[in-house]
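> Dropping a structure here in structure tokens format, bear with me for questions.
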Ligand SMILES: [Zn+2]
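Numbering (full-length UniProt numbering), first residue to last: 1 to 377.
Here it is as structure tokens:
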């Protein structure tokens, strides 16, 4: 294969969050902080309009293993407003000064799920950031990494105007979470479950480190089927977020009843072998995040060693005949395909993909799927 030629045509990120990636580029990255003291220093050295805002925070990387709460942040930052966003985007921590300015309040300073997005929206307004400047800069970053096209997986009515008329040499297409935008979208994004970090990914067997917890499915089968049918009637495919095997089972039950040829499955961090075979047989493409292989060090605590054999098993998926696409899920993780390739190349067995193979997914596989199919809307 002429890898260089393929790569020179540029990469396509089949799953990312362009606005959030661009926004987070403006904030302090906390991913290298080894303890709370370093975290405070990093935040203080990188104020933006008087605010300390940190992203890519993960308590698993701190020796203390805790999310700093309001009392701690008040002591460390006083009247400087501070906001810390966890790497998964599902948790935010703030101090009193930040909560007062933002008009949000939680006793311990912690906010979860939908509140995170509302809080970030307010934060952007308070920081006087110009969304289109933020976005232009983010797109230029992606271009520098070699991207020619990115597929945003969470477009809504609030973000869409930021993108209109922007041209930084990177084509932006999107899946939407808003049925009202479906006509302009490649398809509809639906979340079947949560994530392994928060133990909300839906599993058929309980969490190894949380007996009795099987995670959560967001939809009933009937509710999901009627949603999927609605999207399919509009002639659009779905892209379904499924991280645990119970979510994959639900997806399989539903697409056996309603199907668009371009329906996609996202993430599939843990699936059983029988499911991988079913996905191959049904010709369902799976959009993997090779860079997530870095999670294996802690995911083994959630799943136990047995299930880990077919978790993050990108090589096994390929061997079973599944059509693979690749995404970064930035800003959840880094967008650079070379980082993704470096994360999986040293792994063994079903967890392994060659370095070049990963780059080829970002360059050739994603492009073929999107040039050949979805862009003919
Ligand atoms: Zn995503």
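By construction, the Cβ of each residue, glycine as well, lies at the ideal position given by its N, Cα and C atoms.
For residue 12, which residues of its own chain have a beta-carbon under 8 angstroms away from its beta-carbon, when the five flanking residues on both sides are left out?
147, 148, 149, 150, 151, 362, 363, 366, 367, 370
> In chain order, which continuous runs of the alpha helix (DSSP H) of length 4 or greater are located wholly inside the region 118-194?
131-144, 160-163
> Does the beta-carbon of residue 17, which I'm using as the reference point, lie nearer than 7 angstroms to any heavy atom of ligand 1?
Within the cutoff, so yes.
> Check whether the Cβ of residue 332 sits closer than 7 angstroms to any heavy atom of ligand 1, and report yes or no.
yes
> Verify the contact flag: residue 308, CB atom, against every heavy atom of ligand 1, threshold strictly below 7 angstroms.
Because no heavy atom of ligand 1 lies under 7 angstroms away, the Cβ of residue 308 does not count as near it: no.
> Could you say if the region 267-284 and the region 218-230 meet the contact criterion of at least three C-beta pairs nearer than 8 angstroms?
no
> Does the Cβ of residue 76 have 16 or more other Cβ atoms within 10 Å, making it buried, or fewer, making it exposed?
buried
> Whole alpha helix (DSSP H) runs in the region 271-329 with 4 or more residues, listed along the chain?
For the region 271-329, the continuous alpha helix (DSSP H) assignments of 4+ residues that do not extend past its boundaries occur at 273-281, 296-308, 314-320, in sequence order.
> Is any heavy atom of ligand 1 found at a distance shorter than 7 angstroms from the C-beta of residue 153?
yes
> Quick one: does the C-beta of residue 329 sit closer than 7 angstroms to a heavy atom of ligand 1?
yes
> Starting from residue 223, trace the alpha helix (DSSP H) both ways and give me its first and last residue.
221-233 is the span of the alpha helix (DSSP H), which, as asked, contains residue 223.
> Examine the Cβ distances between the region 319-337 and the region 299-306 and report whether three or more of them are shorter than 8 angstroms.
no
> Going along the chain, which residues of its own chain have a beta-carbon closer than 7 angstroms to the beta-carbon of residue 114, five neighbours each way excluded?
none
> Could you spell out where the beta strand (DSSP E) holding residue 102 opens and where it closes?
Unbroken run through residue 102 is the alpha helix (DSSP H), 96-102; no beta strand (DSSP E).
> Please name the residue in 144, 108, 160 whose C-alpha comes closest to that of residue 8.
144
> For residue 178, which residues from the same chain have a beta carbon less than 8 angstroms from its beta carbon, with the 5 sequence-adjacent residues on both sides left out?
155, 156, 157
> Measure the beta-carbon distance from residue 340 to residue 358 and round it to whole angstroms, keeping in mind my assumption that it falls under 8 angstroms.
5 angstroms
> Between residue 311 and residue 122, what straight-line distance do the alpha-carbon atoms span, to the nearest angstrom?
37 angstroms
> Taking Cβ to Cβ, would you say residue 89 is nearer than 8 angstroms to residue 332?
yes
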